[in-house]
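Here is the structure we will look at, set down as structure tokens.
There are 2 protein chains.
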Amino acid sequence: MPRKNPSPDKREDALSRERIIEAAITLLDTSGESGLTFRALADALATGAGAIYWHIAHKNDLLTAVCDAVIARTLQAAGGAGAATPHATVRAIALAVFEAIDAHPWVGSALTQAPGQLPHVRLLEHIGQQVRQLGVPEATQWVVACTLVNYMVGVGGQNAANAQFARQEGIERDGFLASMANTWLALDADEFGFTRSMATCLRTHDDRADFLTGIDLILRGIATED
Amino acid sequence: MPRKNPSPDKREDALSRERIIEAAITLLDTSGESGLTFRALADALATGAGAIYWHIAHKNDLLTAVCDAVIARTLQAAGGAGAATPHATVRAIALAVFEAIDAHPWVGSALTQAPGQLPHVRLLEHIGQQVRQLGVPEATQWVVACTLVNYMVGVGGQNAANAQFARQEGIERDGFLASMANTWLALDADEFGFTRSMATCLRTHDDRADFLTGIDLILRGIATED
DNA sequence: ACCTGAACACCGTTCAAGT
DNA sequence: ACCTGAACACCGTTCAAGT
Chain V
53 MPRKNPSPDK REDALSRERI IEAAITLLDT SGESGLTFRA LADALATGAG
103 AIYWHIAHKN DLLTAVCDAV IARTLQAAGG AGAATPHATV RAIALAVFEA
153 IDAHPWVGSA LTQAPGQLPH VRLLEHIGQQ VRQLGVPEAT QWVVACTLVN
203 YMVGVGGQNA ANAQFARQEG IERDGFLASM ANTWLALDAD EFGFTRSMAT
253 CLRTHDDRAD FLTGIDLILR GIATED
Chain B
53 MPRKNPSPDK REDALSRERI IEAAITLLDT SGESGLTFRA LADALATGAG
103 AIYWHIAHKN DLLTAVCDAV IARTLQAAGG AGAATPHATV RAIALAVFEA
153 IDAHPWVGSA LTQAPGQLPH VRLLEHIGQQ VRQLGVPEAT QWVVACTLVN
203 YMVGVGGQNA ANAQFARQEG IERDGFLASM ANTWLALDAD EFGFTRSMAT
253 CLRTHDDRAD FLTGIDLILR GIATED
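Those sequence lines, one after another, are chains V and B.
Position one of the first sequence corresponds to residue 53 (the numbering used here), numbered consecutively onward.
Position one of the second sequence corresponds to residue 53 (the numbering used here), numbered consecutively onward.
Written out as structure tokens, the structure is:
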């Protein structure tokens, strides 16, 4: 009777792309972006470092695959909801992606570094279908869908960077924002008047709400188009 | 009479933060993101690798500083224009940043990896001032300015990633897009209907124009707000 | 105060050799 | 066909030692 514990003791199944991707996900979630190493991954899989190269071309390939696995699941889960209007569906998709990046910050940076690859294509497809539903004329569907996707990925990347910075600094989000707000307040009053006046907003803002407001802004811009 | 050639022969001035930053910029422009190495940088400055650490805390510090130098110059040059309307000024700033990233792709990824740092603050300030001019109510200035900045940085990061990918693949932009378009056309017809129909757009689109259309969408969303 | 350069503790990737 | 693990060619960073 084979043991069911897949811990780093000994391998029971053969290696496979899927097994590697799953191990990479848990490794990334556990030790962060810098924790994903071919050596550490090989350890977790109870194999040699070079073995991975039989299934994965190079580290970027792995990163994209791992990102795609999360995005695919996220979109699948979000698609099931079936919101009332295209507008609401776009919002639901955007929020789901935001939550996924919040839970796995490394997805944000992977997404930023692999434009046009499969994870991106999935986003474009899901968003694009709703853009069609919105009645956007065919000639502008491309640019509208791209704007939404670019915005989503852009914010996601920023949040990922924030999370990674806070992690390696060992700081909580609140402390991180508070110290940044202080830095802003110490800026030159003439040159950085606007930024200084936004220091409180920085400290008290809600990432999620702001992100969705941005989505709404773009959607409203679309609706006004003629 | 001292020689005026600052080539990698021998150093004449003392090292300084500015000299290091300038050398890093030319190195990045010449050899790309992966070309910026403390060893290569030390060579270019005719010094030892460790000397740089007297002036720069760590590589991320250098990257942010180098990014900020470009952004500061870009915004200064763009600010001089003095466009007629706030809308036009936002467009001008956005375009200037786009061009800067196009000329120095590494600025795009540096920008993505340093949220809240000085380069970001500069963008926020310049955009925010125009958001005020647009008459956006105080309560929503924060989220509006952030949306614009996030979008700009997001698109910039994507373009940087594209440029870097094309560089290391040794491919031109056109060939890169053409092969990606073919990949899209080979996707499953049911699952990726929208994406397939956009393959031609991918191949023929204009990055700059699409980017500005996105800015316009957001600005129009703001105008419609009430 | 500032610089030098060897040394340390890592990386991704390759590849002969095994099964 | 698939795996092993040592070896290669790098990294960022540190630090005793120099000036």
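Quick reminder that beta carbons are idealized off the backbone N, C-alpha and C, glycines included.
Name the chain V residues whose beta carbon is nearer than 8 Å to that of residue i?
| i | result |
| --- | --- |
| B/Q181 | G245 and F246 |
| B/A213 | T164, Q165, A166 and P167 |
Using a Cβ-Cβ distance cut-off of 8 Å, determine whether residue i contacts chain V.
| i | result |
| --- | --- |
| B/N202 | yes |
| B/I223 | no |
| B/T276 | yes |
| B/C289 | Absent from the structure is residue 289 of chain B, since the part of chain B shown begins at 53 and ends at 278. |
| B/Q128 | no |
| B/V207 | yes |
| B/T99 | no |
My assumption, with CB atoms under 8 Å, is that residue i sits in contact with residue j. Please give the rounded CB distance.
| i | j | result |
| --- | --- | --- |
| V/A130 | V/A148 | 4 Å |
| V/N94 | V/A103 | The question names Asn, yet the displayed sequence has Ala at residue 94 of chain V. The Cβ separation is near 7 Å, so the contact holds. |
| V/G222 | V/T164 | Rounded, the Cβ-Cβ distance is 24 Å, inconsistent with contact. |
| B/L186 | B/I123 | With 8 Å as the limit, B/L186 and B/I123 do not qualify as a contact, their Cβ atoms being about 22 Å apart. |
| V/W236 | B/V195 | So it is not a contact: roughly 16 Å between Cβ atoms. |
For the alpha helix (DSSP H) containing residue i, name the first residue and the last one.
| i | result |
| --- | --- |
| V/L226 | The amino acid occupying residue 226 of chain V in the given sequence is Asp; Leu does not appear at that position. Element bounds for V/D226: R225 to L237. |
| V/F246 | G245 to S249 |
| V/Q210 | E190 to E221 |
| V/S68 | Counting along the chain, V/S68 falls outside any alpha helix (DSSP H), and DSSP gives it neither H nor E. |
| V/D95 | F90 to A96 |
| B/G131 | K111 to G131 |
| B/S161 | P157 to Q165 |
| V/I274 | D259 to T276 |
| B/Q182 | L170 to Q185 |
Quick one: which chain B residues come within Cβ less than 8 Å of residue i?
| i | result |
| --- | --- |
| V/W236 | V173 |
| V/E177 | E243, F244, G245, F246 and T247 |
Is any beta-carbon of chain B found at less than 8 Å from that of residue i?
| i | result |
| --- | --- |
| V/R255 | no |
| V/Q210 | yes |
| V/I145 | no |
| V/R184 | yes |
| V/V122 | no |
| V/I77 | no |
| V/T265 | yes |
In chain B, which residues lie with their C-beta within 7 Å of the C-beta of residue i?
| i | result |
| --- | --- |
| V/V142 | Neighbours of V/V142 on chain B: none; closest Cβ ~13 Å, over 7 Å. |
| V/D262 | V195 and C198 |
Counting only Cβ pairs nearer than 7 Å, list the residues of chain V close to residue i.
| i | result |
| --- | --- |
| B/I270 | L269, I270 and G273 |
### Query
Between the region 144-163 of chain B and the region 211-222 of chain V, do at least 3 Cβ pairs fall closer than 8 Å?
Taking one beta carbon from each stretch, the region 144-163 of chain B and the region 211-222 of chain V have fewer than 3 pairs nearer than 8 Å; the two do not touch.
### Query
Do three or more CB pairs link the region 162-178 of chain V to the region 249-259 of chain V at distances below 8 Å?
no
### Query
Would the region 71-84 of chain V and the region 200-209 of chain V be scored as touching if the rule is three or more Cβ pairs under 8 Å?
Flag = no, the region 71-84 of chain V and the region 200-209 of chain V do not touch.
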